[in-house]
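What follows is a single structure, written as structure tokens, with notes after it.
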Amino acid sequence: MPDFETIDHDVLVIGAGGAGLRAAIAAAAENVKVGLVCKSLLGKAHTVMAEGGMAASLANVDDRDNWRVHFADTMRGGQYLNNWRMAELHAKEAPDRVRELEAWGALFDRTPDGRILQRNFGGHRYPRLAHVGDRTGLEMIRTLQDHAVYLGIDVHMECTVVTLFKDGDRVSGAFGYDRERGRFKVFRAKAIVLATGGIGRAFSITSNSWEYTGDGQSLAYHAGAVLQDMEFVQFHPTGMVWPPSVKGILVTEGVRGEGGVLTNKNGRRFMFDDIPENYRSQTADNEEEGWRYTQGDKNARRPPELLTRDHVARCIVREVREGRGSPHGGVFLDIAWIKAKLPNAAEHIKKKLPSMYHQFKQLADIDITTTPMEVGPTTHYVMGGIRVDGDSQMSTVPGLFAAGECAAGLHGANRLGGNSLSDLLVFGKRAGEYAATFARERGAVTIDKGAVDDASRFALAPLERAGNGSGDGPYQIQHKLQGIMQEGVGIVRRDAEMRKALDAVLAMEQEAERVSVPGNREYNPGWHTALDLRNLLTISEAIARAAIDRKESRGGHFRDDYPDKDPTYGTFNTTLSKAADGSMHLERIPIPPMPAELKAVIEENK
Amino acid sequence: MSTSATFRVWRGDETKGELVDYKTPVSEGMVVLDAIHQIQAEQANDLAVRWNCKAGKCGSCSAEINGKPKLMCMTRLSELPLDKPVTVEPMRSFKPIRDLVTDVSWNFRVKKEIKPFKPRTPDAPDGTWRMAQSDVDRVQEFRKCIECFLCQDVCHVLRDHKKHEEFIGPRFLVYAAALEMHPLDVEDRVADLKREHGIGYCNITKCCTKVCPESITITDNAIIPLKERVVDEFYDPLGKLVKIFSRRKKDA
Ligand code: SF4
Ligand code: SF4
Ligand code: FES
Numbered sequence: 010m011p012d013f014e015t016i017d018h019d020v021l022v023i024g025a026g027g028a029g030l031r032a033a034i035a036a037a038a039e040n041v042k043v044g045l046v047c048k049s050l051l052g053k054a055h056t057v058m059a060e061g062g063m064a065a066s067l068a069n070v071d072d073r074d075n076w077r078v079h080f081a082d083t084m085r086g087g088q089y090l091n092n093w094r095m096a097e098l099h100a101k102e103a104p105d106r107v108r109e110l111e112a113w114g115a116l117f118d119r120t121p122d123g124r125i126l127q128r129n130f131g132g133h134r135y136p137r138l139a140h141v142g143d144r145t146g147l148e149m150i151r152t153l154q155d156h157a158v159y160l161g162i163d164v165h166m167e168c169t170v171v172t173l174f175k176d177g178d179r180v181s182g183a184f185g186y187d188r189e190r191g192r193f194k195v196f197r198a199k200a201i202v203l204a205t206g207g208i209g210r211a212f213s214i215t216s217n218s219w220e221y222t223g224d225g226q227s228l229a230y231h232a233g234a235v236l237q238d239m240e241f242v243q244f245h246p247t248g249m250v251w252p253p254s255v256k257g258i259l260v261t262e263g264v265r266g267e268g269g270v271l272t273n274k275n276g277r278r279f280m281f282d283d284i285p286e287n288y289r290s291q292t293a294d295n296e297e298e299g300w301r302y303t304q305g306d307k308n309a310r311r312p313p314e315l316l317t318r319d320h321v322a323r324c325i326v327r328e329v330r331e332g333r334g335s336p337h338g339g340v341f342l343d344i345a346w347i348k349a350k351l352p353n354a355a356e357h358i359k360k361k362l363p364s365m366y367h368q369f370k371q372l373a374d375i376d377i378t379t380t381p382m383e384v385g386p387t388t389h390y391v392m393g394g395i396r397v398d399g400d401s402q403m404s405t406v407p408g409l410f411a412a413g414e415c416a417a418g419l420h421g422a423n424r425l426g427g428n429s430l431s432d433l434l435v436f437g438k439r440a441g442e443y444a445a446t447f448a449r450e451r452g453a454v455t456i457d458k459g460a461v462d463d464a465s466r467f468a469l470a471p472l473e474r475a476g477n478g479s480g481d482g483p484y485q486i487q488h489k490l491q492g493i494m495q496e497g498v499g500i501v502r503r504d505a506e507m508r509k510a511l512d513a514v515l516a517m518e519q520e521a522e523r524v525s526v527p528g529n530r531e532y533n534p535g536w537h538t539a540l541d542l543r544n545l546l547t548i549s550e551a552i553a554r555a556a557i558d559r560k561e562s563r564g565g566h567f568r569d570d571y572p573d574k575d576p577t578y579g580t581f582n583t584t585l586s587k588a589a590d591g592s593m594h595l596e597r598i599p600i601p602p603m604p605a606e607l608k609a610v611i612e613e614n615k
Numbered sequence: 125m126s127t128s129a130t131f132r133v134w135r136g137d138e139t140k141g142e143l144v145d146y147k148t149p150v151s152e153g154m155v156v157l158d159a160i161h162q163i164q165a166e167q168a169n170d171l172a173v174r175w176n177c178k179a180g181k182c183g184s185c186s187a188e189i190n191g192k193p194k195l196m197c198m199t200r201l202s203e204l205p206l207d208k209p210v211t212v213e214p215m216r217s218f219k220p221i222r223d224l225v226t227d228v229s230w231n232f233r234v235k236k237e238i239k240p241f242k243p244r245t246p247d248a249p250d251g252t253w254r255m256a257q258s259d260v261d262r263v264q265e266f267r268k269c270i271e272c273f274l275c276q277d278v279c280h281v282l283r284d285h286k287k288h289e290e291f292i293g294p295r296f297l298v299y300a301a302a303l304e305m306h307p308l309d310v311e312d313r314v315a316d317l318k319r320e321h322g323i324g325y326c327n328i329t330k331c332c333t334k335v336c337p338e339s340i341t342i343t344d345n346a347i348i349p350l351k352e353r354v355v356d357e358f359y360d361p362l363g364k365l366v367k368i369f370s371r372r373k374k375d376a
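From first to last, the protein sequence lines stand for chains A and B.
Residues 10 to 615 in the numbering used here are what the first sequence lists, from first letter to last.
Residues 125 to 376 in the numbering used here are what the second sequence lists, from first letter to last.
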């Protein structure tokens, strides 16, 4: 008979980054009882790492901007696999979500006439990112956190959810443990919003924190929800590559937005060498024009460094592979060169990119105002995730909602920088509202006692095996998995290697079932790592299966054996769900036809 | 740099604890958090430590390294003498939970007691506000805070005198300053600062400013201006020395 506490909520939000906090605020505004569960302390979620800004067509800097252009940019960036309804809602609602943050106390950088300043970013036609230096994510999470704490939301910090419960078809609650004492908690809830973020810890080089183990995607999958687009993982082109201990830490795209350029060891700006056809008309063809664009010249076109992330990342891989990389296996990102253009360049850089300045100074002994940085691709974001309804964000399981990175749809095959923070706000709010409505309209739920017993047995197993466990510890298994995924299903993919990786992942599932950890239940990170393994393995399998099935290159998914885009693959999303026998079932689901009005918007922005 | 180093890590819980030595290989560019992770993966799977970003942005990995309050992820081994053991201890102003993890929940309770942001009615034609960059600059400094609570750890009012019930500490004086100096805020927190938040306990030793990893000038830019506002509204012994001849009403 397991020992646990039962806690009742109308709406339970799992995850307290931007999407989770926004969902909790929205649900609380509907006067239902809201609980918020997060793996870390409040305010520490991965959202704090977001640097560049949030995309919204406020048109404060360039009055030609509007939702139609933002919509078209998002669809083009996503190579038209996006859920067009989500792209439409996102483009239309983002400006209000940004203004709302200001009304809650956020202080964005200002234009000369006192409005919210917006900056350039890859794939966005006009300066569109509201920002605060290069710490926009911190501003956003702090604003939401400070707003939420006064709303009577029950916050369960440092609490990890291990499994979801169902009552018939409907979701009915969650089983978790508090990290501090290892006590079990059963959350009974009429509706659940998953806002758990991404999957970066499935790879060895990543900008993501330990929390990013694919919890939401995996919990939803095992509860019967459908995942989609899992083959689309974004490798951010610029992560730190040296020293080894900081490998993968993000270098914001804002560096390029402020005029930073990418060069190879011969000093060549190699991004000019390969500009994709569908971006040619919008891209500068000489260095001077690119510079003018970054300085706000409305008649200039963007420099090729600001092409979409998938493309820039691949160009960097090409330079390195062909022997033109930097000493530590990356390329150079140079912002210091702008001293040739600006009299007070060093001060300007420190003001515009304070945390980058700080980060390189402290972690790499490099002064970015005088010396180029070395950068290379790092696992950053997953475009795929839980398949949801565009309006309500409800998954295929009634009562189970998803928002932010763990949901799929908005970004299609590739996400534009800046579209994540706005995604969190727009769809966090929607998920919270619809979840509250769902909770109000439906009756109470029950949780099956047998299911609670199973969950607690699963959770305790790694500790009970201690002493007689065989094989590797949880950290070694996690490490091995990361190596397999990085090698086999990383930035450049091939059929045979992916199949090998998939087999290895499947074999590891048994290994993970034998893992044992020493110590007891109190704040035991070894135990926590062991319990996260199931999630990591589930999403790794999903990524590999989807990537093998898509025999073309598109967005974040690049195949060496199928290097071109194939139009037949542009008509469906790859989905994965759990079959009755427990195996993973893949299905291609056609993308519904886009309404004529939206088609027209895309045409007018071609 | 030598190829291995010893880390003297505090292991224990609320009831008892001790320093335990772990020897682990070190390489170029490593930070203290890397060493702790290595020890955790190889020698002590259950070594408890908080971290998230590993880039000085989330404020989770606060500890006392060789006795100094620091972020483990931003402290490079090359800054430390490695010929002797590096001590890594939890923040001492907070109750230990396990190993390097402390109970910082008090901070979350304190924040709730500070009156929230209250903006004036929007007054720009588009239903929002206009603010000049020069007016937001000083508040943006305070909003850089990553809530690492290292300033709370070092402040003697909390650390030595345990005035947790009467004094909100430097972090929340920064928070209150950010609200009070916010160009849109119309709430008045001055009476609370004196009566509820205990600003008078601070005797401007500036220890908090010295440890802030975000280089926020906590004392000069946040606390002293707040103290001046309190003096303007009330009698306050230390503030009176500052402004002995100029007592006036708080300018609206
Ligand atoms: S200046 Fe004030 S708040 Fe800061 S450490 Fe000294 S007494 Fe504490
Ligand atoms: S003011 Fe500085 S030291 Fe204090 S909590 Fe914030 S970042 Fe940490
Ligand atoms: S881990 Fe985020 S500040 Fe150190």
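Ideal Cβ placement from N, Cα and C applies to all residues, glycine included.
These numbers were taken from a predicted model, which means no experiment stands behind them.
Taking 7 Å as the CB threshold, R135 of chain B stays off the interface with chain A. Distance from the CA atom of H357 of chain A to the CA atom of Y135 of chain A, rounded to whole angstroms, is 22 Å. At a beta-carbon threshold of 8 Å, the residues of chain B lying near Q371 of chain A are G180, M198, R200, ordered along the chain. Going by DSSP, H231 of chain A is part of the alpha helix (DSSP H) stretching over 224 to 231. Distances taken from the Cβ of C331 of chain B to the heavy atoms of ligand 1 include one shorter than 6 Å. For L259 of chain A, there is no enclosing beta strand (DSSP E), since its DSSP letter is neither H nor E. Ordered by chain, the residues meeting the criterion of a beta-carbon within less than 7 Å of a non-hydrogen atom of ligand 3 are B:L157, B:W175, B:N176, B:C177, B:K178, B:A179, B:G180, B:K181, B:C182, B:G183, B:S184, B:C185, B:L195, B:M196, B:C197, B:M198, B:I270, B:C272. For R108 of chain A, the nearest beta carbon of chain B is closer than 7 Å to its own beta carbon.
In terms of Cβ geometry, V171 of chain A and G185 of chain A form a close pair [threshold 7 Å]. Judged by DSSP secondary structure, Y390 of chain A falls outside any alpha helix (DSSP H) and instead within the beta strand (DSSP E) spanning 382 to 391.
In this structure, V234 of chain B has its CB at a distance of at least 6 Å from all heavy atoms of ligand 2.
Within the region 136 to 174 of chain A, the complete beta strand (DSSP E) runs of at least 3 residues fall at 163 to 165. In the DSSP annotation of this structure, the continuous segment of the alpha helix (DSSP H) that includes E612 of chain A starts and ends at 605 to 613. Residue range 296 to 303 is occupied by the alpha helix (DSSP H) that includes T303 of chain A.
In the DSSP assignment, D343 of chain A is bridged to A:V270. The beta carbon of M154 of chain B falls within 7 Å of a beta carbon belonging to chain A, placing the residue at that interface.
Checking the 6 Å criterion, the Cβ of R119 of chain A is out of range of every heavy atom belonging to ligand 2. Using a Cβ-Cβ cut-off of 7 Å, R119 of chain A counts as an interface residue toward chain B, since at least one Cβ of chain B sits closer than that to its own.
Short of 6 Å from the beta carbon of R124 of chain A, and not among the five residues preceding or following it, lie these beta carbons of its own chain, in chain order: N69. M255 of chain B has a beta carbon lying within less than 7 Å of a beta carbon in chain A.
In this structure E148 of chain A does not touch A103 of chain A by the C-beta definition: roughly 16 Å separates them, more than the 8 Å allowed.
Taking C-alpha positions only, D343 of chain A is separated from S404 of chain A by approximately 44 Å.
In this structure, L308 of chain B sits near P243 of chain B, with a CB-CB distance shorter than 7 Å. The beta carbon of G413 of chain A sits no closer than 7 Å to any beta carbon of chain B. Cβ contact annotation for Q276 of chain B (same chain, cutoff 7 Å, sequence separation greater than five): S217, N231, L282, G293, P294, R295, in chain order. Closer than 7 Å to the CB of V234 of chain B there is not a single CB belonging to chain A. Across the structure, V210 of chain B and T130 of chain B are spaced so that their CA atoms are roughly 6 Å apart.
At a cut-off of 7 Å between C-beta atoms, R222 of chain B counts as an interface residue with respect to chain A.
Contact between A300 of chain B and I348 of chain B fails: their C-beta atoms lie close to 13 Å from each other, not under 8 Å. DSSP places S218 of chain A outside any beta strand (DSSP E), giving it a letter other than H or E.
Close partners of A468 of chain A in chain B (Cβ separation under 9 Å) are lacking, with about 16 Å as the shortest Cβ gap. The residue from B:K286, B:M215, B:H321 with its alpha-carbon nearest to that of K235 of chain B is B:H321. In the DSSP assignment, P220 of chain B falls outside any alpha helix (DSSP H) and within the unbroken beta strand (DSSP E) covering 220 to 222. With a cut-off of 8 Å on Cβ pairs, the region 62 to 79 of chain A is in contact with the region 426 to 439 of chain A, counting three or more such pairs.
At a Cβ-Cβ threshold of 7 Å, T547 of chain A and S227 of chain A count as neighbours.
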